[in-house]
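Notes for the one structure printed next.
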Amino acid sequence: MPSIERHYIKQYIREFIFGGRAEFTILNTINDIKYQYHVKANEAGNIWFVSVKIDGGYRYAGFIKKNNEKEYEYIKGKKGMLSADSVPIKGLLWVIRHADNMHPAIKVIHHGRCAKCGKELTDEESIERGFGPICYKRVVRD
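Throughout, our numbering is defined as the position within the sequence shown, counted from one, plus 8.
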């Protein structure tokens with residue numbers, strides 16, 4: 009079985025990030041820059057709270073929502089730690105915008121938990137997708 013800490017998400021990247029409880033790393037293999045993220049949805053599933061690992065711990069960065077043009081927009085908010093111009097947030101937004109046509113040097117690596125429910129992934133297919141079997145059916149259906 010491959011190491012789940014280094015497993016690349018190859019399809020449904022945007023769905024994975026906005027799954028509800030996504031834990032992942034974005035890695036740029038050209039310059040070896042990487043950032044770790046937790047992205048959690050609110051109950052309504054229309055706002056996603058972003059935390060970024062900084063100095064050994066996760067810090068609340070801000071949130072993402074869809075604007076009136078149905079595009080994803082990052083907002084730092086009052087308690088957020090990172091502006092939209094910060095490298096980790098610019099990288100996350102780039103991945104979201106280019107999820108359907110990802111540059112091969114950019115990797116989205118899940119941390120071994122289902123992006124929708126947060127449970128540990130144990131079977132090979134689930135590890136490959138980043139979603140457990142029940143949550144995957146919901147993602148594909150929606």
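Backbone N, C-alpha and C fix where the C-beta goes; we use that ideal spot for every residue, glycine too.
Computed from a predicted model, the values in this text were never measured in an experiment.
query	result
Going by beta-carbon coordinates alone, are GLY163 and ALA123 separated by less than 7 Å?	What is shown of the chain runs 9 to 150, which leaves residue 163 out entirely.
Using only alpha-carbon positions, find the residue among MET110, GLU132, GLY140 that is nearest to LEU35.	MET110
In angstroms, rounded to a whole number, what distance separates the CA positions of VAL148 and ILE21?	12 Å
Considering only residues of the same chain and omitting the five flanking positions on each side of TYR66, which have a CB-CB separation below 8 Å?	GLN44, HIS46, SER59, VAL60
For SER134, which three-state DSSP category applies?	helix
Would you say ILE97 and LYS73 are within 7 Å of each other, going by their C-beta atoms?	no
What does DSSP give as the partner residue(s) for ARG67 in the beta ladder?	VAL60
Does the distance from the CB of HIS118 to the CB of GLY138 come in under 7 Å?	yes
Roughly how many angstroms separate the alpha carbons of TYR80 and ALA92, rounded to a whole number?	12 Å
Under the rule that 16 or more other beta-carbon atoms within 10 Å means buried, what is GLY64, buried or exposed?	exposed
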